[in-house]
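Start counting the sequence shown at 1; every next residue gets the next number (this note's numbering).
Where is the CB? At the ideal position from N, CA and C, for every residue including glycine.
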Amino acid sequence: MKIEIRKLEKRDSRADFSSGDIEIDRFFIKFAGQNQFKHKIGNTYLAVDSSSQNILGYATVTSSSMNIEALELSEFKKFPNYPLPVLRIARLGVDKRYQSQGVGGKLLKKMLYLAIELEELVGCVGVFVDAKDDAVDFYKKYAFEIAPVVDGEFPTRPIQTVMYLSMKTIHKILK
Ligand SMILES: CC(C)(COP(=O)(O)OP(=O)(O)OC[C@H]1O[C@@H](n2cnc3c(N)ncnc32)[C@H](O)[C@@H]1OP(=O)(O)O)[C@@H](O)C(=O)NCCC(=O)NCCS
């Protein structure tokens, strides 16, 4: 199967998507479309089978900012002490039928390339993700690290761990 990564289109049928995580599925089916097409607050990228165009997985990203001072991470110490631009992976999920076949990794890599584009276009210091407990090790595989305290973290979502990858590491990974 040849996997293609492309932006969500209005004609894409999302109703059957099932990753095994109710919240990841609900977001994709109910909100990914309106967030991208109506509100324009976050774009969704799909991994599809390039011949059938079946949806294998998705990642939703949004531009965001982080108060780096709150992070106390050595990589970010050089930056000025005000909120800095980051790319935030809001959701990432792979349909159960296609998990463990490299789809999640391909989507994640595409997000890292987006961060490089963002860095060149408007500036970006890294990629951040609110990782679900089960996915922390998935992100660690790609060199993401756990962030200690992050300004902007939602206190109502304690089951998530904020993880990050600095642009310096992203450039190293994609070289
Ligand atoms: C987590 C998830 C996105 C991974 O996608 P996937 O397509 O199954 O992952 P891949 O096949 O691309 O795996 C890439 C690598 O990560 C590893 N990996 C995948 N899921 C993992 C996990 N949960 N924990 C640890 N490692 C994981 C794989 O073993 C693989 O390693 P390898 O290259 O050495 O073989 C997917 O399982 C999923 O959608 N889960 C439910 C929803 C979810 O938890 N989303 C994350 C929200 S933050």
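Requested in this report: Could you check how far apart the C-beta atoms of G57 and V86 are, in whole angstroms? I think they sit under 8 Å.
Outcome: Cβ atoms of G57 and V86 stay farther apart than 8 Å, at about 22 Å.
Taking only heavy atoms of ligand 1 into account, decide whether any of them is closer than 8 Å to the Cβ of K110.
For ligand 1, not one heavy atom lies less than 8 Å from the Cβ of K110.
Can you give me the start and stop residues for the beta strand (DSSP E) that L165 sits inside? Bounds of the beta strand (DSSP E) holding L165 are 160 to 166.
Fill in: Cβ-based burial, P158 [other Cβ within 10 Å; buried from 16]
Unreliable positioning characterises P158 in this predicted model, as indicated by a pLDDT of 48, which lies under 50. The coordinate reading is nonetheless provided below. With fewer than 16 other Cβ atoms within 10 Å, it is exposed.
Per DSSP, which residues does L92 bridge with? Please list them. BP columns for L92 point to A59.
- Message: Between Y98 and ligand 2, is there a pair consisting of the residue's CB and a ligand heavy atom that are separated by less than 8 Å?
- Response: Absence of ligand 2 from the depicted structure is noted, with ligand 1 being the only ligands included.
Q.
With a threshold of 8 Å on Cβ separation, who are the neighbours of K2 within its own chain once the five nearest residues in sequence on each side are excluded?
A. The answer, listed in chain order, is D49, S50, S51.
Item to check | Within the segment 83 to 145, ranges of the beta strand (DSSP E) (whole runs, at least 3 residues) | outcome: The qualifying runs are 84 to 94, 126 to 132.
Discussion item. Quick test of the definition: if touching needs 3 or more C-beta pairs under 8 Å, does the segment 30 to 46 touch the segment 74 to 86?
Written reply: Judged by Cβ distances under 8 Å, the segment 30 to 46 makes no contact with the segment 74 to 86, as fewer than three pairs qualify.
Measuring from the CB of A131, is there a heavy atom of ligand 1 at a distance below 8 Å? Flag set: Cβ of A131 near ligand 1.
ask   = Where M167 and A15 are concerned, what is the direct C-alpha to C-alpha distance, given to the nearest angstrom?
value = Straight-line Cα distance between these residues: approximately 35 Å.
Fill in: Among N43, L92, L114, the one whose alpha carbon lies nearest that of I22
Comparing Cα positions, the closest option is L92.
- Count the other CB atoms, across all protein chains shown, that sit within 10 Å of the CB of N81; report buried if there are 16 or more and exposed otherwise. Exposed.
Need the endpoints of the beta strand (DSSP E) that R6 sits in, please.
In this chain, the beta strand (DSSP E) harbouring R6 covers 3 to 7.
- Cα-Cα separation between K175 and L114, rounded to whole angstroms: Their Cα atoms are separated by approximately 15 Å.
request  = Give the secondary structure of G20 by DSSP, where H, G and I count as helix, E and B as strand, and everything else as coil.
outcome  = Note: G20 maps to coil in three-state DSSP.
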